[in-house]
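Once you know that position 33 of the sequence shown is 35 in the numbering used here, the rest is easy, because the numbers rise by one and skip nothing.
Glycine is no exception: its CB is placed at the ideal position from the N, C-alpha and C atoms.
Quick caveat: nothing in here was measured; it's all calculated off a predicted structure.
The structure under discussion appears below in the form of structure tokens.
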Amino acid sequence: LQPTETERCIESLLAVFQRYAGREGDNCTLSKKEFLAFMNTELAAFTKNQKDPGVVDRMMKKLDLNSDGQLDFQEFLNLIGGIAVACHNTLVKAP
């Protein structure tokens, strides 16, 4: 049985998270350095379009719900979900 499109998307999200989370320290969380690497590589267009260099730091603080200085997979998914909602809202409003 082949995985569905949704299952492949979930597998991709897991793989991307693990690729960055495994670079230093705990492989179940993203450190600030790992999060920055993720943003600069996987969301490069967003990061490059920001005028404020502190935006990624503020995003990390806002996403870090338990204030441990790391992003776990749930906190990471909150970012992905927020981006998906913003993209959906843009598409729905487009003529």
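CB contact below 8 Å: Phe40 versus chain B: Included in the structure is just one protein chain, with no chain B present.
Pairwise C-alpha distance: Tyr22 and Ala39: Residue 39 sits at position 37 when you count from the first residue of the sequence shown. Residue 22 sits at position 20 when you count from the first residue of the sequence shown. One C-alpha to the other measures close to 7 Å.
Let me check understanding here. Comparing Cα to Cα, which of Asp66, Gly84, Gly83, Val58 lies closest to Thr31? Locating residue 31 in the sequence shown gives position 29, counting from the first residue. Cα-wise, what sits closest to Thr31 is Asp66.
Just to confirm the assignment, what range does the alpha helix (DSSP H) spanning Glu44 have? What you label residue 44 is simply residue 42 of the sequence shown in a count that begins at 1. That run of the alpha helix (DSSP H) goes 34 to 44.
Helix, strand or coil for Leu3 per DSSP? For the purposes of this step, residue 3 is identified with residue 1 of the sequence shown, where counting begins at 1. Coil, per DSSP.
For Ile13 and Gly24, what's the separation of their Cα atoms in angstroms? The residue labelled residue 13 in the question sits at position 11 within the sequence shown. The residue labelled residue 24 in the question sits at position 22 within the sequence shown. Looking at the sequence itself, residue 13 is Glu, so the reference to Ile does not match. Distance between the alpha carbons of Glu13 and Gly24 is about 16 Å.
Expressed to the nearest angstrom, what Euclidean distance is found between the alpha-carbon atoms of Asp59 and Leu3? What you label residue 59 is simply residue 57 of the sequence shown in a count that begins at 1. What you label residue 3 is simply residue 1 of the sequence shown in a count that begins at 1. Approximately 42 Å between the Cα atoms of the pair.
Measure from the alpha carbon of Phe19 to the alpha carbon of each residue in Val87, Asn80, Lys64, Asn51, then state which is nearest. Residue 19 sits at position 17 when you count from the first residue of the sequence shown. The option with the nearest alpha carbon to Phe19 is Asn80.
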